[in-house]
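Undergrad: One point on numbering: in the numbering used here, the residue at position 228 of the sequence shown is 228, and numbering is uninterrupted. Cβ atoms here follow ideal geometry from the backbone N, Cα and C, with glycine treated the same way.
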Amino acid sequence: MEALNSFIHYIQNHQLVAKVKENSLVQRVIQSALYTLLASYAVVVLTQLQLFYNTIIAPVLAGNKTIKEQLQLAYNDWVIGKLLKNDLVQSWLKLLKEQYERVKKNLRIEDFSSVDQTLCTVSSWVSQNVIGRNGLDVLLSTVFEEAKNNNTSKKLVWVDYGAQSDLSLMANKCRDGNLKSSFNKIYLIATSKKALEKAQQQAATLNLSDDLVQVVEQDPVSYRLPNNLKADIVTLSYSLTNSTTSLNWIELLENIKTNVLKEENGVLGVADLYVSRRKPEAGARQHSLITRALWPLLLNWGLQLSVNADHLPYLENHFDSVHVEENMARIPLVSSLTCGIVRVPYYLFVATTKQE
């Protein structure tokens, strides 16, 4: 297996593969082939549905057969029975069951008993399972290194909007794995009681004192640090797409820039879901029409996340970016069942405050 993985890695990173991927003609040929395949598959599906209706459903509606007789016919003699007995389909169903049990294990019904709990659960699930620890680790590493380079002789003040950042990941960046060695104060801004409880639990698990970590539940749009203090680091994990702040995301960023983040050498880090504009800036990733139309609809309807194509361009225009990463993330269960084809776009953005 290791040899196979090494071979696949070699093929994926070969210069010839990169040239083929960049070739517009090859891309058009592949897209054309995929569209043809999808069209052919759609015809097959429609034909099978029509056959299913005529063979199974129509006799029941006409009163000639009972539902029980038709279900037995469908299972034993028709394509459904043969399909369910197929080894490949059995393996796929087994994978589906395993993925479902894995997701079910990490989610509880009581986590969705109220709007606040639902939003907190969704944000936590997205941060852990979509972008994941690797993506957030890259974000926190870049933010921490940039802040330490700008402030070599003093401890830092960190404000985390949404309280979704993993404190243990940031602790790994500090000397001896101790947050207190690098931070003077950490403020976790929770937007719900559920998020507040989870942030407090995380601080207690890591044995972090109230003198170091302060968890507050407050409107992030109007939040200001006490005693006119300014932060060296501000991070936002899904705070821009969170439904509680999505309508006022410009006000949120302006408040951070004006009242929360240091005017000089302040570092901003953002991890969030997004879609590209129809005509993005040069060098930026451009998503297909399906991606730009489908994901905002699904995420807003299913997870109450307001995905916006203007978030990333606004950040790039109002802050001096030092690291911008646009990727497609795997979704638990969905990506596995679609062989990795279905993925959701996300970005990591790290910047410093602009000097006027």
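Would you report the Cα separation of Leu236 and Leu225, rounded to the nearest angstrom?
TA: C-alpha separation (whole angstroms): 16 Å.
Undergrad: Here's a check: name, in chain order, each residue in its chain whose Cβ is nearer than 6 Å to the Cβ of Ser114, leaving out the five neighbours to either side.
TA: In this prediction, Ser114 has a pLDDT of 46, which is less than 50 and means its spatial position is unreliable; nothing more can be read from the coordinates.
Undergrad: Using CA coordinates, which residue listed in Gln202, Leu140 and Ile189 is at the minimum distance from Lys173?
TA: The shortest Cα separation from Lys173 among Gln202, Leu140 and Ile189 belongs to Leu140.
Undergrad: Go ahead and pull the three-state DSSP assignment for Val267.
TA: The answer is strand: DSSP assigns Val267 an E or B state.
Undergrad: Between which two residues does the beta strand (DSSP E) holding Tyr238 run?
TA: No beta strand (DSSP E) contains Tyr238, which DSSP labels as neither H nor E.
Undergrad: Around the C-beta of Gly269, are 16 or more other C-beta atoms found within 10 angstroms, so that it is buried, or is it exposed?
TA: Gly269 is buried by the Cβ-count criterion.
Undergrad: Just grab the DSSP bridge partners of Thr353 for me.
TA: Bridge partners of Thr353: Phe319.
Undergrad: Does the segment 199-212 come close enough to the segment 153-169 that 3 or more CB-CB pairs lie under 8 Å?
TA: They touch, by the three-pair rule.
Undergrad: If you reduce the DSSP assignment to three classes, tell me which class Gln117 lands in.
TA: Reliability of the predicted coordinates at Gln117 is poor, the pLDDT of 49 falling under 50, and the value obtained from them is presented with this limitation in mind. Note: Gln117 maps to helix in three-state DSSP.
Undergrad: So, at 6 Å on beta carbons, what are the nonlocal neighbours of Tyr161 in its own chain, with the 5 sequence-adjacent residues on each side left out?
TA: Taken in chain order, the residues that qualify are Ile189, Pro220, Leu236 and Ser239.
Undergrad: According to DSSP, which residues form a beta bridge with Lys193?
TA: In DSSP, Lys193 forms no bridge with anything.
Undergrad: Are the beta-carbon atoms of Ser321 and Phe349 separated by less than 8 Å?
TA: Yes, Cβ-Cβ distance for Ser321 and Phe349 is below 8 Å.
Undergrad: Quick one: what does DSSP say Ile233 is sitting in, helix, strand or coil?
TA: Note: Ile233 maps to strand in three-state DSSP.
Undergrad: State the beta-bridge partners of Thr325 as determined by DSSP.
TA: Per the sequence shown, the amino acid found at residue 325 is Glu instead of Thr. Glu325 pairs with Leu348.
Undergrad: If contact is defined by three or more beta carbon pairs under 8 Å, each pair taking one atom from either stretch, is the segment 288-295 in contact with the segment 251-263?
TA: As far as the Cβ criterion goes, the segment 251-263 does not touch the segment 288-295, which means the pair count is below three.
Undergrad: For Leu156, report the span of its alpha helix (DSSP H) as first-last.
TA: Element bounds for Leu156: not the alpha helix (DSSP H) but the beta strand (DSSP E), Leu156 to Tyr161.
Undergrad: Please look up how many angstroms separate the CB atoms of Asn327 and Asn151, rounded, as I've assumed it's under 8 Å.
TA: With a Cβ gap of about 29 Å, Asn327 and Asn151 do not count as contacting.
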